[in-house]
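Visitor: Protein sequences, first through last, are from chains L and W.
Going left to right, the first sequence walks through residues 262 to 974 as this note's numbering numbers them.
Going left to right, the second sequence walks through residues 262 to 974 as this note's numbering numbers them.
There are 2 protein chains.
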Amino acid sequence: MREREAPDGKEPPEYTAVTFKPSAELPQLTEHELEVLGEVGRQWARAHRRVPRSDGLPLDPGLGRQRPAPQLGRFSRLAPIGMFRSQAPEELVATGEQLPAPGRLRAQSRIRRVLLGPRLRGSAVVRERMRKLVGLPVLSSDLLSSVAYGPETMLSVLVLAGSGALRLSLPIAGVLVVLMITVGVSYRQTIRAYPRSAGSYLVASENLGDRFGLAAAAGLMMDYILTVAVSVAAGVNAITSALPWLAPVAIPMGIAVIAVLLAGNLRGVRAAGRLFAAPTYAFIFGILLLLGFGAVQAARRGFAPLPPPNAAATQAVGVMLVLRAFASGASSMTGVEAVSDAVPVFRPPEWRNARTTLTWMVSLLVVMFTGLVMLMYLQGVAPRPNQTVLSELGRKTFPVGPLYDYLQASTALILLLAANTAFQDFPRLLFFMAHDRYAPRSFLRLGDRLVFSNGILTLSVGAALLFIVFHGRTRALIPLYAVGVFLAFTLSQTGMVRHWSRVRGPHWRRSLVINAAGAVLSAIVLVTAAVGKFTAGAWVVVAGVLLVVLIALGIRRHYDAVWAATTPRAAWGSTDRPQEIRHLTVVPVARLDLSSLCALAYAASLGQPLFAVHISPDDEEDERFRRQWSSWGDHVRLEIIVSPSRAVVASLASYLEALHLLRPDITLTVVLPELAISRWWVRPLHGHMPARLRRALRGLPGVVITSVPLHVP
Amino acid sequence: MREREAPDGKEPPEYTAVTFKPSAELPQLTEHELEVLGEVGRQWARAHRRVPRSDGLPLDPGLGRQRPAPQLGRFSRLAPIGMFRSQAPEELVATGEQLPAPGRLRAQSRIRRVLLGPRLRGSAVVRERMRKLVGLPVLSSDLLSSVAYGPETMLSVLVLAGSGALRLSLPIAGVLVVLMITVGVSYRQTIRAYPRSAGSYLVASENLGDRFGLAAAAGLMMDYILTVAVSVAAGVNAITSALPWLAPVAIPMGIAVIAVLLAGNLRGVRAAGRLFAAPTYAFIFGILLLLGFGAVQAARRGFAPLPPPNAAATQAVGVMLVLRAFASGASSMTGVEAVSDAVPVFRPPEWRNARTTLTWMVSLLVVMFTGLVMLMYLQGVAPRPNQTVLSELGRKTFPVGPLYDYLQASTALILLLAANTAFQDFPRLLFFMAHDRYAPRSFLRLGDRLVFSNGILTLSVGAALLFIVFHGRTRALIPLYAVGVFLAFTLSQTGMVRHWSRVRGPHWRRSLVINAAGAVLSAIVLVTAAVGKFTAGAWVVVAGVLLVVLIALGIRRHYDAVWAATTPRAAWGSTDRPQEIRHLTVVPVARLDLSSLCALAYAASLGQPLFAVHISPDDEEDERFRRQWSSWGDHVRLEIIVSPSRAVVASLASYLEALHLLRPDITLTVVLPELAISRWWVRPLHGHMPARLRRALRGLPGVVITSVPLHVP
């Protein structure tokens, strides 16, 4: 694989180091950080008291070689992980075999396992390399499926100006074809320049700065969510057009489809990649068949267009209307960026194979799009409620039923596949953002099945909400569509212009011109879509992009602050060297039961200064408790706080904070007696006092919280 | 106050000791338990290592006398509790003054304070003693308000057999009057025998056993929830009868009323008790006025009944119909038990004043009930939709509008008051049950405002759900009503029969006969209601009572098991004496950041054997981490678990469990590095790993969990 050129040597090291490995969650340290660590360590070495080393451990070194008894895994709600094999000294390998689950609470892990399959080993992250003939259908489903709704949304804007205006679709389609070719060629340049991963987020971040990168990412995120919602809606529409009696359950059907996509992707459907080839080819074949039949029919009547059904004009034909139709038609281009995101999955030479595939894809798109728009004009098809124009065209064109059914079925299938593409790309985008600390760290995590479960869940929930809010009406969702895609296109191509002017590789002038043309055309569509459809819903996307960028910047700010606060530095306070920590142990005792006695015994066994605190609601209870305490033997100093307002948590916290203010040099260890109740459904019977105390005490400076659980049934 | 007789000395001590004090949550210990404690303590005294006493503490003894600086209370989400005044040595009093809140997160406590008022001191639990003239209206609102819907439900059963059947209301009312007098006299006996608290739960538990007591309590719980739902529904009906344009918002209105009752009761409206006198007297006056006007009108036409509006019969007059009408009319008696629950609130001699008040109440009930039924018959009133019969009667009888308005307003008011009675009784009943460990312990807790907030919340939620499910239709709720009340009546009176035959005080034979008569009559109503209305909804109550009893028994079983597991015993295991605890400290380290270094330093400073564990997803990361570790200086033995399936929690838990199985004598202290993040809204950015680890480890035997928080912004 050819490495990306980095002529000025200024590239941030992360981009090249990004891999989808499970260890991505655990960051590497720089040399400087390692040095600081060493400095910190040397301060330990100067300790006046020797830190116990491993030799003194009662840790059986044979543990690694032993296979513990199968009654392991008693801790609840977890799949019991098998056992340990020793490999090197001081190293164990959890083999990941699952032990037979002992009874009840395993239900959860069992359901999980049946639905999602067993956990996969980290080493199972494989790169499936694709031939061009496989890559084409897998990566093009999103793009090609767009012709199932792109022409329709264009026509449904035009028809507002009466059926006469429908003929405007031909010139608009001409302009769109120019746009498609320009963007396609433009992306060919990007692939050449960024053969590892040419996603808009990376390209825009690197060349225009992080804010623009985030804007592109936000646009793409909106786009992926919309892709799922729109594709599912269009797929469901294709079904209800063919089988109108299913129309009343359209929304549950769509939600079910999203749920299936969710489950399938959580399970990890990577291996099924090449199965995806079939529906895409089937769809291409179906459309070409439609075009062929239509051409023959039109030729028979001398290419005279049939008149479309009369529709009254509600708007005049104006610049705004044409621009809106143009922006709507541009939604046929969603998905063109798929190849550039996925260059590394091709067989070597990757970038060359990817470019060839992209060329094929765009050619197919141009043929299918222009063919469909022309045929719709010739056959006099106009948008109607309850029926997609593609379905209408099929009904008008095909002489026999089975061909129409085939068309509708393959349309529905490729639309669902297109939704699936978003399930691949959205989590990957969030992974890159999380890697740059612009998204929550949890998006770095590979789930049990080595997929980014959190990203997949986020996408599903977002798409399902959108689908429900818009009642599954495709046309209502399309206005929101073009803005996000073309924002990403524009920023990515602009980034490439910047790239060429900086890098100046071979043919850089030609590449720069091509990318500049792509950027300008994309920007025109972007502005057209954003302005022309602002009130029709595009404002949601504009606001959404702004919001995502602001949130991402806030997240980055927070992570940076936390990083600054947690990165090791040579001397950071009073608790950095074990020999300097002074202890004081506090045991809050509510009643003298076994759980408190265990906590007291544990606290006393630490051998540090110790006292107990009791919070009493009134003097009478105070007396009673004192009597219990002295019956026990008064082994530990007892402080009683009488709190007439019965505020246990606040009183204790205030007390400990006062203690800390008086003696900030002391580390307070609060030893909390706690009941560990094995059955979850009886836990509410015991209140939440330990949890509330823990939450409150965690906020106090200089306090360490120790829970001593007593196990009860 | 006269103590309850306890001639056989076999009474459980709790009943007499039950008080609504804040210390009820903290149980007393018996002498035996104190002795066991002493035995446990003596084992400590034999310690080979001296437990540090207070003298060695770095605890400033002046803390108590100091007023800490006002920057106290930094811990979030808590009302900052003021400060400490020293009283005795080793005793502090949290005065409960609230410090001025420093900024933002105090919003929650402020809203709370505005809605509910400031926290009250525990000593503010006062017993308001009532004169009879005050006690009568306060305690009778529930009972007397029942006549607002009791006659109506009876008529609405009878009218099913046509308007001719309405005249059957007169003989049925006669039987009901006999029932009322019998139950009233029967309760007089109960009050004499149980002057402290004569609630059905206590009486039935003590005389018939806990199961019957629980059945009575379950019946009453259902009844209280129904009282709130029915009273609110009837109150809203009274309003919409007068102002029909409010009918569409009847349900939101009812929910709002329940919310107001909830807020008012959480705030604690005890002091307003005597304000309650007014509406009750106003209602009594209104009904008597109605009866007077009606009597005059009827007398003018020689007491000839007006014919009711014609209604077609949908059922034949049969035994079943009459029985169902009887059971429906019996719902007029709900609330008669209120006095017996509240004997101690009367001025001394409490039981005598309570009895007198009960007599007045029942007399008023009989007069108002019979008067209304007769007047309804004379005025030819029949149930109609959208109008209560009381409202109809008012419209027919009163010559002028204001009198009708007065009647409706006072009806609505007393019905809301009746709902309020349930808000007093329901939490108290749950308190008694919780005190006997038949209900969750949280019902023992007095809230900030010295009311049983949890009981009040439970009642409100239950009533609101019921109100919504039944769409606020009073008549739909009434069939569920009688079963619960008369179950409690029957069990309580049966218990009294048992009581007299055991105790044999003065006049015991007469008392026994009276109670037996009450029990038999109540049982007849119970069976009538349960059988006659089983399919109409009474099955819900029957099932509910069974369910509550089963749950209560389960709760008791659990508490008993926990009590057995936590009560101190002379020697309970390896962790009972501090000198016998052997330590091993484990620090799970994900990355070598400041938070891990703090945890390592803390763990090392404990001076116990120590090792660190790192869980690595693959060998590569393993190597990387080892390098970091040796850069730091390799001060602590490091175990690396390679977990290719990336199961961090399960791997660590399995490892620790294996360790425990090998060396069960060692107490494992797991020192968890944790970030304490002050702003809650950024917490999701950091995952839940520490919380998940804590949950999993808490289930392991022999493991103590220590959180070392590092504070970050």
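For each residue, glycine too, the CB sits at the ideal point set by N, CA and C.
If you drop the 5 nearest sequence neighbours on each side, which residues of the same chain put their C-beta closer than 8 Å to that of phenylalanine 795 (chain L)?
Guide: The answer, listed in chain order, is Val803.
Visitor: Would you identify the three-state DSSP class for phenylalanine 731 (chain W), choosing helix, strand or coil?
Guide: Three-state result, phenylalanine 731 (chain W): coil.
Visitor: Using a Cβ cut-off of 8 Å (strictly closer), state whether glycine 302 (chain L) contacts chain W.
Guide: Yes - at least one Cβ of chain W is within 8 Å of the one on glycine 302 (chain L).
Visitor: Could you say which of W:Pro688, W:Gly723, W:Val897, W:Ser721 lies nearest to arginine 706 (chain W) if we only look at CA atoms?
Guide: It is W:Pro688.
Visitor: Could you pull out every residue in the same chain whose Cβ sits closer than 7 Å to the Cβ of alanine 476 (chain W), ignoring the five residues on either side in sequence?
Guide: Hits under 7 Å: Leu748, Leu752, Val806, Val810.
Visitor: Can you name, in chain order, every residue of its own chain whose Cβ lies under 7 Å from the Cβ of alanine 422 (chain W), other than the five neighbours on each side?
Guide: Excluding sequence neighbours, alanine 422 (chain W) sits near Ala574, Gln576, Ala577, Val578, Leu582.
Visitor: Just checking my contact of valine 969 (chain W) with cysteine 859 (chain W) at CB under 8 Å: how many whole Å lie between their CB atoms?
Guide: Sure, about 5 Å apart at Cβ, within 8 Å.
Visitor: Residues of chain W with CB under 8 Å from valine 973 (chain L), in chain order?
Guide: Correct list: Ala822, Val823, Ala826, Thr827.
Visitor: Which residues, in chain order, does the region 924 to 935 of chain W contribute to contact with chain L at a C-beta distance below 9 Å?
Guide: Those residues of the region 924 to 935 of chain W that come within reach of chain L (Cβ to Cβ, closer than 9 Å) are Arg924, Asp926, Ile927, Thr928, Thr930, Val932, Glu935.
Visitor: Rounded to the nearest angstrom, how far is the Cβ of isoleucine 486 (chain W) from that of glycine 723 (chain W), given a contact under 8 Å?
Guide: The Cβ separation is near 4 Å, so the contact holds.
Visitor: Are the C-beta of serine 714 (chain W) and some C-beta of chain L separated by less than 8 Å?
Guide: With 8 Å as the cut-off, serine 714 (chain W) does not count as an interface residue toward chain L.
Visitor: Would you say valine 943 (chain W) and histidine 875 (chain L) are within 8 Å of each other, going by their C-beta atoms?
Guide: Taking 8 Å as the Cβ cut-off, valine 943 (chain W) and histidine 875 (chain L) do not qualify as a contacting pair.
Visitor: Excluding sequence positions up to five away, which residues of its chain have a Cβ less than 8 Å from the Cβ of isoleucine 739 (chain W)?
Guide: Excluding positions up to five away in sequence, the list reads Tyr410, Thr414, Val491, Ser589, Ser592.
Visitor: Between serine 912 (chain L) and the rest of its own chain, which residues show a CB-CB distance below 7 Å, the 5 nearest in sequence each way excluded?
Guide: Ile876, Ile902, Ser904.
Visitor: Starting from serine 968 (chain W) and walking both ways along the beta strand (DSSP E), at which residues does that stretch end?
Guide: It spans 964 to 973 - the beta strand (DSSP E) in which serine 968 (chain W) sits, taken as one unbroken run.
Visitor: In chain C, what lies closer than 8 Å to aspartate 854 (chain W) by C-beta?
Guide: Protein chains in the displayed structure are L and W, and chain C is not among them.
Visitor: Using 8 Å as the Cβ pair cut-off and three pairs as the minimum, do the region 610 to 627 of chain L and the region 635 to 645 of chain L touch?
Guide: With a cut-off of 8 Å, the region 635 to 645 of chain L and the region 610 to 627 of chain L do not count as touching, because too few Cβ pairs lie within range.
Visitor: Using DSSP with H/G/I as helix, E/B as strand and the rest coil, what is arginine 338 (chain W)?
Guide: Caution applies to arginine 338 (chain W), whose pLDDT of 37 falls short of 50 and renders its modelled position unreliable; the value that the coordinates give is listed next. Arginine 338 (chain W) falls in the coil class under three-state DSSP.
Visitor: Contact defined as beta carbons within less than 8 Å: I believe alanine 864 (chain L) pairs with leucine 871 (chain L). What is the distance between those atoms, to the nearest angstrom?
Guide: That pair is a contact at about 5 Å.
Visitor: Which residues mark the beginning and the end of the alpha helix (DSSP H) in which glutamate 598 (chain W) is found?
Guide: First-last for glutamate 598 (chain W): undefined, no H or E at that position.
Visitor: Could you spell out the range, first to last residue, of the alpha helix (DSSP H) harbouring valine 903 (chain L)?
Guide: Premise fails: valine 903 (chain L) lies in the beta strand (DSSP E), 898 to 903, not in any alpha helix (DSSP H).
Visitor: Can you tell me which of the three DSSP states valine 848 (chain W) falls into?
Guide: Correct three-state label for valine 848 (chain W): strand.
Visitor: Measure the alpha-carbon distance for threonine 672 (chain L) versus alanine 700 (chain W) and round it to whole angstroms.
Guide: Approximately 60 Å between the Cα atoms of the pair.
Visitor: Looking at chain W, which residues of the region 683 to 703 of chain L have a Cβ within less than 7 Å of any of its Cβ atoms?
Guide: Against chain W - using a Cβ distance shorter than 7 Å - the residues of the region 683 to 703 of chain L are Pro701, Arg702, Ser703.
Visitor: Check the Cβ of tyrosine 863 (chain W) against every Cβ in chain L and list those closer than 8 Å, keeping chain order.
Guide: Correct list: Thr836, Pro839, Ile842, Thr928, Val965.
Visitor: At a CB-CB cut-off below 7 Å, which residues of chain L make contact with alanine 937 (chain W)?
Guide: Per Cβ cutoff of 7 Å: Arg959, Gly960.
Visitor: Checking the sheet assignment: what are the DSSP bridge partners for arginine 645 (chain W)?
Guide: The partner list for arginine 645 (chain W) (beta bridge, DSSP) reads W:Gln648.
Visitor: Can you give the beta carbon distance from valine 897 (chain W) to leucine 861 (chain W), rounded, assuming they're within the 8 Å contact cut?
Guide: That pair is a contact at about 6 Å.
Visitor: According to the neighbour-count rule (16 or more other Cβ atoms, all chains shown, within 10 Å of its Cβ), is leucine 619 (chain L) buried or exposed?
Guide: Under this definition leucine 619 (chain L) is a buried residue.
Visitor: In chain order, what residues of the region 595 to 622 of chain L put their CB closer than 7 Å to some CB of chain W?
Guide: Taking 7 Å as the Cβ-Cβ cut-off against chain W, none of the residues of the region 595 to 622 of chain L qualify.
Visitor: When burial is assigned at 16 or more other CB atoms within 10 Å of the CB, is histidine 921 (chain W) buried or exposed?
Guide: Counting Cβ neighbours within 10 Å, histidine 921 (chain W) comes out buried, since at least 16 surround it.
Visitor: Can you tell me whether DSSP reads leucine 808 (chain L) as helix, strand or coil?
Guide: DSSP places leucine 808 (chain L) in helix when its eight states are reduced to three.
Visitor: Output, in chain order, the set of chain W residues within a Cβ distance shorter than 8 Å of histidine 982 (chain L).
Guide: As shown, chain L starts at 262 and ends at 974. That puts residue 982 (chain L) outside it, with no answer to give.
Visitor: With DSSP as the reference, label leucine 567 (chain W) as helix, strand or coil.
Guide: Coil, per DSSP.
Visitor: Between the region 785 to 810 of chain L and chain W, which residues of the former have a C-beta closer than 7 Å to a C-beta of the latter?
Guide: Those residues of the region 785 to 810 of chain L that come within reach of chain W (Cβ to Cβ, closer than 7 Å) do not exist; the list is empty.
Visitor: Going by the DSSP bridge assignment, what does valine 781 (chain W) pair with across the sheet?
Guide: Paired residue(s): none; valine 781 (chain W) is not in a bridge.
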